[in-house]
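Sequence order for the protein chains is A and B. Mind the numbering: the first sequence is residues 49 to 161 in the numbering used here, read in order. Mind the numbering: the second sequence is residues 26 to 141 in the numbering used here, read in order. Just so you know, even glycine gets a beta-carbon here, dropped at the ideal spot from N, CA and C. Please read the structure below before turning to the comments.
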Amino acid sequence: GENVEQHPSTLSVQEGDSAVIKCTYSDSASNYFPWYKQELGKRPQLIIDIRSNVGEKKDQRIAVTLNKTAKHFSLHITETQPEDSAVYFCAASRGSGTYKYIFGTGTRLKVLA
Amino acid sequence: SAVISQKPSRDICQRGTSLTIQCQVDSQVTMMFWYRQQPGQSLTLIATANQGSEATYESGFVIDKFPISRPNLTFSTLTVSNMSPEDSSIYLCSGDGTGSSTDTQYFGPGTRLTVL
């Protein structure tokens, strides 16, 4: 069945360093890839997304890259801050023209001050 | 983006009882979804709430256990029926945004359910 693999499951970085989280999807028809940040006890919040017709997207300290051929997409956070500490989930749309997502397993990011 | 609220925020229930969770969106949305999130785990889609018709359930979830209503484009309910401790989880609803990015989902704050 369709799935999204996410690595690493936990990631600790020093404040100011960069963090990279990687996801691989299996459905070649997936065309929308959002990233969510979930702080403890809070709702998942969309932080950035990318569509299959774009290879890279950047929003201040956050960027996402997509390699459709390899079915990989990655989240890059630069100049990390303690408030970036959270669980991050990647997701892939289930096929094209569907609004359903398959979520990755999550990455717990800890930024050490 | 849509603003989504849920009621109740948390509840503690006895096994064998049922709980109905409400999800309200501040604007009309095309799609609404219900998810379950076990502590420390990812989100699992339960079903798509369809306005004016029966919900579409994912594999492993059935209408008798998780009946869903969606009477209009801003509101949906999920009932967890005949609960057991295994149903203890966080239940989240989501809705797509209005405008062109209708495949972007925005989440409610979740309902933390504990079944004793």
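query	result
Along the chain, where does the beta strand (DSSP E) that runs through A:Val-102 open and close?	Where A:Val-102 is concerned, there is no enclosing beta strand (DSSP E), given that its DSSP letter is neither H nor E.
I'd like to know if the segment 28 to 36 of chain B and the segment 66 to 83 of chain A are in contact, where contact means that at least 3 CB-CB pairs between them fall below 8 Å.	no
Comparing the C-beta of A:Phe-151 with each C-beta of chain B, is any distance below 8 Å?	yes
Report the rounded CA-to-CA distance for B:Gln-63 versus A:Asp-65, giving the unit in angstroms.	31 Å
Looking at C-alpha atoms only, which residue of B:Pro-96, B:Arg-61 and B:Ile-115 is the closest neighbour of B:Arg-137?	B:Ile-115
Which residues in chain A have a C-beta closer than 9 Å to the C-beta of B:Tyr-116? List them in chain order.	The contacting residues do not exist; B:Tyr-116 stays about 12 Å from chain A at best.
Can you check whether the C-beta of A:Leu-94 is within less than 8 Å of a C-beta belonging to chain B?	yes
Please list the segments of the alpha helix (DSSP H) lying wholly inside the segment 49 to 134 of chain A, counting only runs of 4 or more residues, in order along the chain.	none
Mapping DSSP to helix, strand and coil, what is B:Asp-112?	helix
What is the DSSP secondary structure of B:Thr-42, counted as helix, strand or coil?	coil
Please identify the residue among A:Asp-132, A:Thr-72 and A:Glu-53 whose C-alpha is closest to the C-alpha of A:Arg-109.	A:Asp-132
A:Ala-140 and A:Tyr-149 look like a contact to me (Cβ under 8 Å); what is the Cβ gap, rounded to whole Å?	7 Å
Could you work out which residue in B:Phe-100, B:Asp-128 and B:Pro-134 is closest to B:Gln-53 when comparing CA atoms only?	B:Phe-100
Can a CB atom of chain A be found closer than 8 Å to the CB of B:Thr-136?	no
Based on the DSSP secondary-structure assignment, which residues constitute the bridge partners of B:Asp-36?	B:Leu-138
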